Amino acid sequence: MSVIKEYRTVSEVVGPLMIVDQVQGVHYNELVEIKLHDGTTRQGQVLEVQEDKAMVQLFEGSSGINLEKAKVRFTGRPLELPVSEDMVGRIFNGMGKPIDGGPEIIPEKYLDIDGQAINPVSRDYPDEFIQTGISAIDHLNTLVRGQKLPVFSGSGLPHKELAAQIARQATVLNSEENFAVVFAAMGITFEEAEFFMNDLRETGAIDRSVLFINLANDPAIERIATPRIALTAAEYLAYEKDMHVLVIMTDMTNYCEALREVSAARREVPGRRGYPGYLYTNLSTLYERAGRLVGKKGSVTQIPILSMPEDDITHPIPDLTGYITEGQIILSRDLYNSGYRPPINVLPSLSRLKDKGSGEGKTRKDHAATMNQLFAAYAQGKQAKELAVVLGESALSDTDKLYVKFTDRFEKEYINQGFTTNRTIQESLDLGWELLSILPRTELKRIKDDMIDEYLPKTSKEAQA
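Residues 1 to 465 (the UniProt record's numbering) are what the sequence shown spells out, left to right.
As structure tokens, then:
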């Protein structure tokens, strides 16, 4: 049994960092407890050890720390989360402590929040459809169990409403395993926290959810731990309790800002736009914790949500996130300003695994064909509308005018379903066919004739005959 040593050799406090001198046997990532002169205790984590000096990252801020009176204890273990199946239905702060007035969690075990690396050979391929109830995702950018599919939003766009809708509605079709949602919120306002908690409570979705909430007035450094704590809970529920777990993390931009703050305090050489050069590596330690494992029934699926500064998709955060994850859902400010909810811009959005989770036996055999045809028709309709702006509607052919009509209805009826409508995949597919019936049959070049005969609405076939 290791001896826990206590030090009173704090030499410096800089922002969220503390330097402790004359230490021995201290290790990277070790949990630190700091006892202040007023009797309160704060937590930290060892970031770096050089000779007899340890640099400690403070999770709960550095205000009020007296260099001469503070007592520092190195616990000899990493930061761990007490886990139990009783976590489902509960609300915790960003460090994993209950804030819903309920009892303390009686843990089955303690798990390191940094998790364990998953051997690529032990990964199982994601291929099971997850229904979110949102047509623009389910039909056109299909989410698959074990996938990591981020949402790229912008300041003022309704990503919190979209996150709450997915948390309420998401489910794995044709599966006997339990489904759970782990929700990690970083740097959100009190009003946003109330919105999420009330929405999940009123709809009953709280009964299958675990919430970790780091508020905007909480220490920024706590945000570095919050997603790791949430993913640790998700991995426990998935791989030890055989649950399908959907992890929604918002806002990853706040997480990256906290990383930049620590990097600046450490006086590291900054990378792009002041973010640390290891931002890509750090994000990958979060995103790569999604997946399925061979021999395990459960899985971890991720939907990280980030707000792009100035709607810039080339900003380091969305740029690096796009390299690591398997696609992206992009919210459009133009659609939002036009009153469409959710304002998902389907053309630049992408799910790289959509083909793996769709088709006969998973959704329906016409899924891929109608998806491709809707993409093509919408793109052509957008081009026709742009042409009409320049040359006038009189310059459009009759077919172009039908594409414009299709595009208008596609945005108003298909994309604009609202935040309370929960569509099944069959309803989304049928609506897609109804919209495609606006176009002449000769324009449906991406769908086989026998499929058109089977699914195209009869009134449309009679009109085209």
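Yeah, the Cβ is synthetic: ideal placement off N, Cα and C, and Gly gets one too. Because the structure is a prediction, the values reported are computed rather than measured.
Nonlocal neighbours in the same chain, by C-beta distance under 7 Å from residue i, ignoring five residues either side
i      : result
Lys354 : Asn141 and Thr142
Leu429 : His139, Arg364, Asp366, His367 and Thr370
Ile452 : Arg441 and Leu444
Pro348 : Ile330
Gly322 : Gln328
Tyr236 : Val83 and Leu111
Residue-level contact to chain B via CB, residue i, 9 Å cutoff
i     : result
Pro98 : Here chain B cannot be found, since the structure has a single protein chain.
Sub-9 Å separation of residue i and residue j beta-carbons
i           : j      : result
Ile303      : Ala163 : yes
Ile224      : Leu259 : yes
Lys53       : Val14  : no
Met95       : Leu58  : no
Leu246      : Ile118 : no
Gly271      : Pro318 : no
residue 466 : Lys401 : Any question about residue 466 goes unanswered here, given that the chain covers just 1 to 465.
Thr250      : Pro309 : no
Pro457      : Pro158 : no
Thr307      : Ser122 : This sequence places Ser at residue 307; Thr is not what is there. It is not a contact, given that the beta carbons lie outside the stated cut-off.
Gly327      : Leu149 : yes
Pro82       : Ile91  : no
Glu85       : Glu48  : no
Leu396      : Val404 : yes
Leu36       : Glu80  : no
Glu360      : Pro219 : no
Leu231      : Ile305 : no
Lys297      : Asp242 : yes
Arg8        : Val72  : yes
residue 496 : Arg289 : Here the chain covers residues 1 to 465 and nothing more, so residue 496 does not appear.
Ile213      : Phe195 : no
Phe419      : Gln24  : no
Tyr255      : Met186 : yes
Gln383      : Arg446 : no
Thr421      : Gly133 : yes
Arg423      : Gln417 : yes
Pro16       : Ala265 : yes
Beta bridge counterpart(s) of residue i as assigned by DSSP
i      : result
Val26  : Bridge partners of Val26: none, in fact.
Ser299 : His244 and Arg292
Met55  : Ile19 and Glu48
Val346 : Answer is none; Val346 lacks a bridge partner.
Arg42  : Ile34
Ser209 : Val181
Ile305 : Val151 and Thr250
Tyr7   : Val72
Pro276 : Pro270
Val13  : Met18
Asn214 : Met186
Ser351 : Gly327
Enclosing beta strand (DSSP E) for residue i [first to last residue]
i      : result
Tyr403 : Not the beta strand (DSSP E): Tyr403 falls in the alpha helix (DSSP H), residues Asp398 to Arg409.
Gly327 : Gly327 to Ile330
Leu81  : Glu80 to Val83
Lys412 : Segment: none, Lys412 is in no beta strand (DSSP E) and carries neither H nor E.
Phe419 : Note, Phe419: premise wrong, no beta strand (DSSP E); not H, not E.
Ile91  : Ile91 to Asn93
Contacting residues, own chain, Cβ-Cβ under 8 Å from residue i (five flanking each side not counted)
i      : result
Glu30  : Gln45, Val46, Phe74, Thr75, Gly76, Arg77 and Pro78
Ser209 : Val88, Gly89, Ala167, Ala180, Val181, Val182, Phe183 and Leu200
Phe406 : Ala377, Tyr378, Gly381, Leu435, Leu436, Ile438 and Leu439
Val172 : Glu128, Phe129, Ile130, Gln131, Arg145, Phe179 and His244
Glu12  : Met18, Ile19 and Leu67
Glu6   : Lys71, Val72 and Arg73
Leu320 : Leu279, Tyr280 and Leu283
Arg273 : His315 and Pro316
N- and C-terminal bounds of the alpha helix (DSSP H) containing residue i
i      : result
Gly281 : The displayed chain sequence assigns Thr, not Gly, to residue 281. Taken as a continuous stretch (DSSP letters only), the alpha helix (DSSP H) holding Thr281 covers Leu279 to Tyr287.
Ile317 : Pro316 to Ile324
Asn198 : Phe190 to Thr203
Met451 : Asp449 to Tyr455
Arg441 : From DSSP, Arg441 is part of no alpha helix (DSSP H); its letter is neither H nor E.
Asp334 : Arg333 to Asn337
Pro103 : That residue, Pro103, is in no alpha helix (DSSP H); it is neither H nor E in DSSP.
Arg228 : Glu222 to Tyr239
Tyr340 : Per DSSP, Tyr340 belongs to no alpha helix (DSSP H) and is neither H nor E.
Gly381 : His367 to Leu391
Residues near residue i by beta carbon distance below 6 Å, same chain, minus five either side
i      : result
Ala136 : Ile344, Val346 and Ile415
Ser299 : Arg145, Gly146, Ala238, His244 and Arg292
Met1   : The predicted position of Met1 is uncertain, since its pLDDT is 46 and thus under 50; a value taken from the coordinates is nonetheless stated next. Nothing meets the Cβ criterion.
Thr325 : Lys148, Pro150 and Tyr287
Lys356 : Asp127 and Val144
Val294 : Ser122 and Asp124
Arg42  : Ile34 and Glu60
Review point. What residue ranges within the region 106-188 form continuous beta strand (DSSP E) runs of no fewer than 3 residues, ordered along the chain?
Key: Runs found: 109-112, 129-131, 151-154 and 179-188.
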